[in-house]
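Note that the protein sequences, when read in sequence, are chains A and B.
Okay, so the first sequence: first residue is 1 according to the numbering used here, each after it adds one.
Okay, so the second sequence: first residue is 1 according to the numbering used here, each after it adds one.
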Amino acid sequence: MMMMTMNRKTNGLVLLFGVLGAVLLLDLVLPIGNLLAGSNWVDAFAALRQPEALQAVKVSLLSSAIAITAMTLFGVPLGYLLARAELPLKRLWIGLVFLPMVVPDLAGGILLLRLFGPYGPIGHPFDAHNVALTNNLVGVVLVQIFVAAPFVVASSLASFSGVDRELEAAAGTLGDSAWQVFTRVSLPLAWPGIAIGITLAWIRALGEFGATLVMAYNPHTLPVFLWVKFESEGLAGALPIAFCLVFLAVMAVGVSMNLNRFTGVSDVLAPLGRATKWDS
Amino acid sequence: MGQLSVFADWFRLGWAWPASRTRAEADAPNGAGHALEIRVAHRYGVAGKTTFSLETNFMVQPGVTILRGHSGAGKTTLLRCIAGLAPMENGTIAVGPQVMFDSARGVNLEPRHRKVAFVFQHLALFPHLSVRENVGYGLKKLDASERGERVNAVMASFRIGHLGDRLPSEISGGEQQRVALARALVTEPSVLLLDEPLSSLDVKTKALIVDDLRAWNAAHRIPIVYVTHDDREVRALGERAITLEHGRIVADDSLLGISADTHTGCPDSGNFVDKKFDATVTAVQATEKSVTCRLHLSEPELSAYWRHGALGTKVQIGLRVTE
């Protein structure tokens with residue numbers, strides 16, 4: 001009898017949460033489903049063959065690849081330092097890393113323009129030598145790093161913190177230098193978590209719009225081109241580009257999840273890895 | 001024959017320890033490993049206030065020395081000081097002529113240069129590497145074929161040869177212990193430190209591993225410091241037990257003694273010896289620093305590690321009975 005009530009209570013809970021979850025899920029999935037279902041695929045691919053569209057895809061892929069490389073190169077070591085080194089004012093540094101995450105997109109663009117623009121403290125000396133930091137690929141990359149790097153640093157910080165210090169000590173007693181401990185133990189063990197951060201950062205960089213609009217309207221990235229198309233041709237013209245953008249982002253997640261499966265199994269990754277498979 | 005092997009087996013349960021030791025004897029001149037010299041003084045504190053201080057001074061001869069004490073007595077901290085994993089202010093850590101730490105001379109070797117093997121309480125096996133890669137981890141400087149040979153040999157002697165391709169998470173607790181031991185010992189360290197490595201195992205598994213460690217130790221004879229609070233392990237493994245309290249040594253017992261003076265017996269071995277026998281030294285194996293003794297009133301002969309052996313010496317042999 002007691003069990004029955006318990007079960008009924010549980011079932012009620014599951015039912016209620018299920019309904020709430022389903023409503024949210026609809027809002028999350030329907031736009032993408034509708035996009036896929038409503039697209040005229042032939043038109044979509046035709047639209048993507050336009051030179052401007054191809055150019056936008058190229059700009060987005062190239063800039064985000066450069067940005068991701070830079071973020072990884074500079075962000076992973078910073079995450080390691082914040083996790084392991086005994087730094088003065090450590091909380092402050094960690095707070096600063098997360099700061100760009102809370103700056104609204106357009107505002108971020110304004111801040112960057114003020115710094116890197118032709119009259120800004122950094123932009124001006126470059127401008128004097130006829131090097132522009134805005135309205136070109138450099139500007140696009142600078143924006144992407146500003147908005148997306150916190151994902152890399154945060155995931156590195158969390159992943160390195162999760163590596164058992166005893167393992168690093170063990171590697172030391174087995175003859176490893178600090179550098180060897182890092183490359184043979186710390187990095188491989190933290191990597192699955194860092195890879196998730198890099199994936200999120202890549203998606204963030206790929207989709208970056210507001211700050212890019214201010215800092216580097218040209219050359220058009222995919223999101224900016226999408227905006228331009230929408231302004232000039234409305235929904236019909238924008239749809240193929242939106243489709244392309246969604247497709248790239250989903251591909252990025254898929255590739256990264258599968259890469260992770262081969263680079264190492266980790267508890268950090270396990271729930272995400274399972275969530276991408278349909279069987280659970 | 002049967003009786004002899006029973007006795008031999010019996011005697012394998014413990015080693016002889018000289019009843020009195022001096023610094024001169026401590027340094028093995030050739031062959032087997034050097035003694036480990038430990039002088040540590042360090043205060044640990046929070047906000048300038050000393051919360052714990054470690055002050056110990058002792059030599060560890062080749063063989064197993066047990067370090068006992070309540071949790072918080074400083075056992076693990078002491079081990080970490082020896083390995084270079086914990087800071088220390090004053091003192092000396094040296095193995096024979098090899099000085100690893102000397103505050104007076106400003107010597108402080110990194111852990112990687114100390115040749116001190118450490119088996120951690122939770123083993124610290126690398127979860128991303130196979131058993132074979134774990135065992136070979138410390139041999140990166142060797143070329144692949146030599147490394148393979150060394151790894152195979154040590155894995156066979158610790159009975160984990162069949163587990164090479166598994167991950168640490170895919171083998172049992174006892175097997176993990178063996179992997180940790182093999183990984184530490186394959187580097188041919190000059191000191192071995194074990195921090196309660198067997199505490200999580202059942203008695204039977206533990207006994208098997210103790211056997212393997214004992215066999216390895218008989219062949220290599222380096223100073224081994226073994227932290228435990230399990231008295232059965234103390235009796236099964238150790239030649240000497242040092243008890244630590246609040247960072248200081250409060251007891252130093254020889255666990256099994258051969259004494260050349262039958263009149264005085266083995267005064268410092270009383271606690272851990274179950275029975276004593278009168279015996280005479282019948283042969284001396286100088287290179288192994290051991291002697292063969294004949295028990296009075298019986299035929300079997302036993303061999304024991306003892307550096308003072310002279311033919312015909314009347315001795316007492318203390319034996320411990322273990323499970």
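Virtual Cβ for every residue (Gly too), placed ideally from N, Cα, C.
Beta-bridge analysis with DSSP links B:Lys49 to B:Val46. Within the segment 106-117 of chain B, contact with chain A at the beta-carbon level (separation under 9 Å) is assigned to Glu110, Pro111, Arg112, His113, Arg114, Lys115, Val116, Ala117.
In the DSSP secondary-structure assignment, B:Lys140 is not bridged to any residue. Rounded to whole angstroms, A:Gly193 and A:Leu78 show a C-alpha spacing of 15 Å. Counted as a single uninterrupted DSSP element, the beta strand (DSSP E) harbouring B:Gly63 occupies residues 63-68. By the rule that beta-carbons nearer than 9 Å mark a contact, B:Tyr137 touches chain A. Here B:Met88 carries a coil assignment [DSSP, helix/strand/coil].
Using a Cβ-Cβ cut-off of 8 Å, B:Ala124 is close to Asp164, Glu166, Leu167, Ala169, Ala170 of chain A, given in chain order. A:Phe225 is positioned such that its CB atom lies closer than 9 Å to that of A:Ile241. Taking C-beta separations shorter than 6 Å and ignoring five residues to either side along the sequence, the partners of B:Lys115 in its chain run Pro189, Ser190, following chain order. Separation of B:His246 and B:Gly136 (C-alpha to C-alpha, rounded to the nearest whole angstrom) is 38 Å.
DSSP places A:Pro88 in the coil class of the three-state scheme, outside both helix and strand. Proximity of chain B to A:Thr134 at the Cβ level (cut-off 7 Å) is not reached, the minimal Cβ distance being about 44 Å. When the five nearest sequence neighbours on each side are left out, the beta carbons in the same chain lying within less than 6 Å of the beta carbon of B:Gly161 are those of Met155, in order along the chain.
Judged by DSSP secondary structure, B:Glu245 falls outside any alpha helix (DSSP H) and instead within the beta strand (DSSP E) spanning 240-245. B:Val179 counts as buried, since no fewer than 16 other beta carbons sit within 10 angstroms of its beta carbon. One alpha carbon belongs to B:Lys141, the other to B:Ala207, and they sit about 34 Å apart. When Cβ-Cβ separations below 9 Å define contact, A:Gly193 makes no contact with chain B. In chain order, Leu106, Gly109, Ile110, Leu113 place their CB closer than 7 Å to the CB of A:Val214, counting only its own chain and leaving out the 5 sequence neighbours on each side. Taking a contact as a CB-CB distance under 8 Å, the pair A:Pro150 and A:Val97 counts as one, their CB atoms being some 6 Å apart.
With respect to chain A, the C-beta atom of B:Arg132 has no partner C-beta closer than 9 Å.
Here A:Gly210 has Pro104, Asp105, Leu106, Gly108, Gly109 as same chain residues with Cβ atoms under 8 Å from its own Cβ, once five neighbours each way along the sequence are excluded. In the same chain as A:Gly207, and ignoring 5 residues on each side of it, the C-beta atoms closer than 8 Å to its own belong to Pro223, Leu245, Ala249, in chain order. Using a C-beta cut-off of 8 Å, the segment 152-163 of chain A makes contact with the segment 180-190 of chain A, since at least three inter-stretch Cβ pairs fall below that distance. Between A:Gly175 and chain B, the shortest Cβ-Cβ separation is below 9 Å. Counting along the chain, B:Ile160 sits inside no beta strand (DSSP E), nor does DSSP assign it H or E at all. Listed as beta-bridge partners of B:Ile249 by DSSP are B:Leu244. Contact check for B:Gln61 against B:Glu239 passes: the beta carbons are separated by less than 9 Å.
It is roughly 10 Å from the alpha-carbon of A:Thr212 to the alpha-carbon of A:Asn136. Close to chain A, meaning a Cβ-Cβ distance shorter than 7 Å, are the following residues of the segment 78-95 of chain B: Ala83, Leu85. Residue range 203-220 is occupied by the alpha helix (DSSP H) that includes B:Asp211. For a cut-off of 8 Å, the C-beta gap from A:Ala154 to A:Ala67 is around 16 Å, too long to register as a contact.
Annotation: the continuous alpha helix (DSSP H) that includes B:Val131 extends over 131-135. Sequence-ordered contacts of the segment 185-199 of chain B with chain A read Thr187 [C-beta pairs closer than 8 Å].
Contact between B:Val95 and B:His34 holds: their C-beta atoms lie close to 5 Å from each other, under 8 Å. Scanning chain A for C-beta atoms nearer than 7 Å to the C-beta of B:His229 yields nothing, as the closest lies near 20 Å away.
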